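Enquirer: Sending over a structure as structure tokens; questions will come in a sec.
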Amino acid sequence: MVTMIIIRTFLLLIAFSIVAALPTTSSANPTLVSQSDMKVVNARTRAFIIEKMASKHIPGLQIAVVQKGQVVLSAAYGFANVEHEVAVTSDTLFPINSATKSVTGVAILQLVEAGKLDLDAPVSRYIDGLPITWQPIRIRQLLAHSSGLPNIVDGNGLIGGGGEAKAWAAVKALPMDSVPGTQFAYNQTNYALLAKIIAKLRGMPFIDDFAANQFKPAGMTHVRFGDTFDVIPGTATPYSFYGAGRGGAETTTLGRWRDDLPAFMRTGAGMNVSATEMVRWIIALQSGKLLTKADSLKRLWTADMLNDGTANQWAMGWPIIRAAPHRIVGGIGGGRSAFFVYPDDDLAIVVLTNLVGSNPQGFIDEIAAFYVPAIADATRK
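Each residue of the sequence shown is one higher than the one before, counting from 12 in the numbering used here.
Written as structure tokens, this is what we have:
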């Protein structure tokens with residue numbers, strides 16, 4: 012805790028000194044920050060991030076901002092490892108947990124573009140041996156968490172007493188939670204099934220598919236998959252004020268966090284990446300390097316429709332964070348990492364931290380308003 016107190020004091024002093032020195036912006040266009048104002052806006056963003064790190068006691072953080080397809084800010088702060096005072100750099104990897112699902116969504120849309128998969132086809136077309144009640148579920152319902160499937164994990168991890176085979180046997184024996192397409196229910200079984208589909212249709216494990224068809228075209232060379240039980244060089248140590256596991260009471264003591272993410276489920280959570288490389292992926296996605304057909308991005312980011320005609324809160328692997336105004340899609344993972352894409356504003360922001368409970372998704376919109384001032388006006392109404 013002594014180390015953390017020193018960090019907080021240091022960060023606050025920097026934040027106050029930066030804010031005091033900042034001029035105000037004067038962009039002629041209230042909807043977009045001009046290039047002449049970018050240095051000022053970036054300085055405001057840095058000051059804001061430093062204050063958030065201090066108030067939330069975040070040990071380490073990366074941020075990257077993309078506007079009009081260009082990286083306008085990339086910065087790293089704090090410690091990747093507190094005990095050994097290892098600084099976060101631009102190359103430090105952070106677990107993005109469930110935000111991995113957005114990458115899986117792109118992989119599925121790539122299969123659609125290749126003519127190998129139909130989003131409206133039943134899952135039984137691609138996977139044999141499923142329970143009868145599972146067979147009519149559509150691929151899009153897996154992506155959007157509207158399948159009604161029982162969950163292959165609970166609060167203690169995999170169900171079934173341990174291991175992939177036992178977990179599959181256990182979940183297949185459970186009744187459906189709901190009729191497919193009737194409601195949203197966040198569920199890891201969906202993405203474990205998608206891993207099987209990708210492997211079958213590509214003839215390779217999903218990790219190899221991601222590497223060949225997304226990471227390589229995007230120029231990403233340091234993505235790794237794994238959890239806290241794997242040795243992944245250059246990865247930030249995850250911390251929390253809740254002890255090592257979920258469900259504990261919040262304390263004032265910073266402790267190490269443990270994630271157990273079985274390899275067969277890492278289409279749903281398991282990617283470790285830097286903010287620098289994450290924005291490369293976003294730029295590649297929006298520039299047509301990953302999805303080549305004109306309507307594919309629209310399909311990726313359009314909310315799934317439930318059976319009653321209402322819009323689901325998820326699209327194809329992407330949560331719909333805000334439908335309007337200033338639409339946001341993105342990825343949120345582990346209560347510590349998030350990226351928001353503002354398709355109508357030509358803006359994307361990635362914030363990765365190593366503190367569970369820092370919830371950067373709660374303050375990214377404030378950062379966005381520095382770059383697109385109209386966002387602040389619209390969200391106040």
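Glycine included, each C-beta is placed from N, C-alpha and C at the ideal position.
The model shown is predicted, which means the values in this text are computed figures rather than measured ones.
Leaving out five residues on either side along the sequence, give the residues of the same chain with a beta carbon under 7 Å from the beta carbon of F374.
Expert: What you label residue 374 is simply residue 363 of the sequence shown in a count that begins at 1. Closer than 7 Å at the Cβ level, and outside the excluded window around F374, lie K63.
Enquirer: Using 10 angstroms around the beta-carbon of I163, count the other beta-carbons present and answer buried if the total reaches 16, otherwise exposed.
Expert: Position 152 of the sequence shown holds residue 163. So I163 ends up on the buried side.
Enquirer: I believe A295 touches A91 by the beta-carbon criterion, under 8 Å. Please report the beta-carbon distance rounded to the nearest angstrom.
Expert: In the sequence shown, the residue the question calls residue 295 occupies position 284. In the sequence shown, the residue the question calls residue 91 occupies position 80. At roughly 26 Å, the Cβ-Cβ gap does not stay under 8 Å, so A295 and A91 are not in contact.
Enquirer: Quick one, which of A274, D48, H68 and G172 has its alpha-carbon nearest V367's?
Expert: By one-based count along the sequence shown, residue 367 stands at place 356. Of A274, D48, H68 and G172, the residue nearest in Cα terms is H68.
Enquirer: Who pairs with V396 in a beta bridge, going by DSSP?
Expert: The chain is shown from 12 up to 392; residue 396 falls before or after that span and cannot be answered.
Enquirer: Taking the runs of the alpha helix (DSSP H) that are 4 residues or longer, which of them lie wholly in the segment 292 to 341?
Expert: Whole alpha helix (DSSP H) segments, 4+ residues: 307 to 312.
Enquirer: Beta strand (DSSP E) containing V117: first to last residue?
Expert: Translated into the one-based positions of the sequence shown, residue 117 becomes position 106. Looking at the DSSP string, V117 is not in any beta strand (DSSP E); the run it does join, the alpha helix (DSSP H), is T111 to E124.
Enquirer: Using a Cβ-Cβ cutoff of less than 7 Å, which residues in the same chain neighbour E175 once the five nearest sequence positions on both sides are dropped?
Expert: Taking the sequence shown and counting its residues from 1, the one referred to as residue 175 is at position 164. So the list reads P273 and F275, once near-sequence residues are dropped.
Enquirer: For Q46, does the count of other Cβ atoms within 10 angstroms reach 16, so buried, or fall short, so exposed?
Expert: Taking the sequence shown and counting its residues from 1, one reaches residue 46 at position 35. Result: exposed.
Enquirer: Considering only the beta carbon of each residue, do N53 and V76 sit closer than 9 Å?
Expert: Indexing the sequence shown from 1 puts residue 53 at position 42. Indexing the sequence shown from 1 puts residue 76 at position 65. Going by C-beta atoms, N53 is nearer than 9 Å to V76.
Enquirer: Report the rounded CA-to-CA distance for L141 versus S135, giving the unit in angstroms.
Expert: Position 130 of the sequence shown, counted from the start, is the residue given in the question as residue 141. Position 124 of the sequence shown, counted from the start, is the residue given in the question as residue 135. Taking the straight line joining both Cα atoms gives about 7 Å.
Enquirer: By how many angstroms is the C-alpha of N370 removed from the C-alpha of T264?
Expert: If you number the sequence shown from 1, residue 264 lands on position 253. If you number the sequence shown from 1, residue 370 lands on position 359. Going by the C-alpha atoms only, they are around 18 Å apart.
Enquirer: Return the CA-CA distance between D388 and T364, expressed in angstroms with no decimal places.
Expert: Locating residue 388 in the sequence shown gives position 377, counting from the first residue. Locating residue 364 in the sequence shown gives position 353, counting from the first residue. One C-alpha to the other measures close to 28 Å.
Enquirer: Would you give the residue range spanned by the alpha helix (DSSP H) that A209 belongs to?
Expert: On the sequence shown, position 198 is the one that residue 209 refers to. For the sequence presented, residue 209 should be read as Ile rather than Ala. Note, I209: alpha helix (DSSP H), Q199 to R213.
Enquirer: Checking 9 Å against the spacing of the C-beta atoms, do A87 and V97 come in under that value?
Expert: Indexing the sequence shown from 1 puts residue 87 at position 76. Indexing the sequence shown from 1 puts residue 97 at position 86. Cβ atoms of A87 and V97: not closer than 9 Å.
Enquirer: Answer yes if the segment 215 to 233 comes into contact with the segment 167 to 186, meaning at least three C-beta pairs across the two stretches below 8 Å, and no otherwise.
Expert: No, the segment 167 to 186 does not touch the segment 215 to 233.
Enquirer: Pairing CB atoms from the segment 334 to 354 with CB atoms from the segment 186 to 194, are three or more of them under 8 Å?
Expert: The segment 334 to 354 vs the segment 186 to 194: no contact.
Enquirer: Compute the beta-carbon to beta-carbon distance between F59 and I331, rounded to the nearest angstrom, for a pair I have assumed lies under 8 Å.
Expert: Within the sequence shown, numbered from 1, the residue matching residue 59 stands at position 48. Within the sequence shown, numbered from 1, the residue matching residue 331 stands at position 320. Not a contact, Cβ separation roughly 25 Å.
Enquirer: Closer than 6 Å by C-beta to K207: which residues in its own chain qualify, once you throw out the five before and the five after it? Chain order, please.
Expert: Residue mapping note: residue 207 aligns to position 196 of the sequence shown, counting from 1. Hits under 6 Å: I138.
Enquirer: If you count every other CB in all the chains shown that lies within 10 Å of the CB of A229, and 16 or more means buried, which is it?
Expert: Position 218 of the sequence shown, counted from the start, is the residue given in the question as residue 229. It is buried - the Cβ of A229 has at least 16 other Cβ atoms within 10 Å.
Enquirer: Once the 5 residues before and after S298 are set aside, which same chain residues still bring their CB inside 7 Å of it?
Expert: Counting from 1 along the sequence shown, the entry for residue 298 is found at position 287. Result list for S298: G80, in chain order.
Enquirer: Just tell me which of F226, P354 and G344 has its CA closest to the CA of V362.
Expert: Here residue 362 corresponds to residue number 351 of the sequence shown, with the count starting at 1. The shortest C-alpha separation from V362 is found at G344.
Enquirer: Quick check: the Cα distance between G168 and D271, rounded to an integer number of angstroms?
Expert: Within the sequence shown, numbered from 1, the residue matching residue 168 stands at position 157. Within the sequence shown, numbered from 1, the residue matching residue 271 stands at position 260. About 7 Å.
Enquirer: Which word fits G279, buried or exposed, when buried means at least 16 other C-beta atoms lie within 10 angstroms of its C-beta?
Expert: For the purposes of this step, residue 279 is taken as the residue at position 268 of the sequence shown. So G279 ends up on the buried side.
Enquirer: Give, in chain order, every unbroken run of the alpha helix (DSSP H) that is at least 4 residues long and sits entirely within the segment 130 to 204.
Expert: Complete alpha helix (DSSP H) runs here, min 4: 150 to 154 and 175 to 183.
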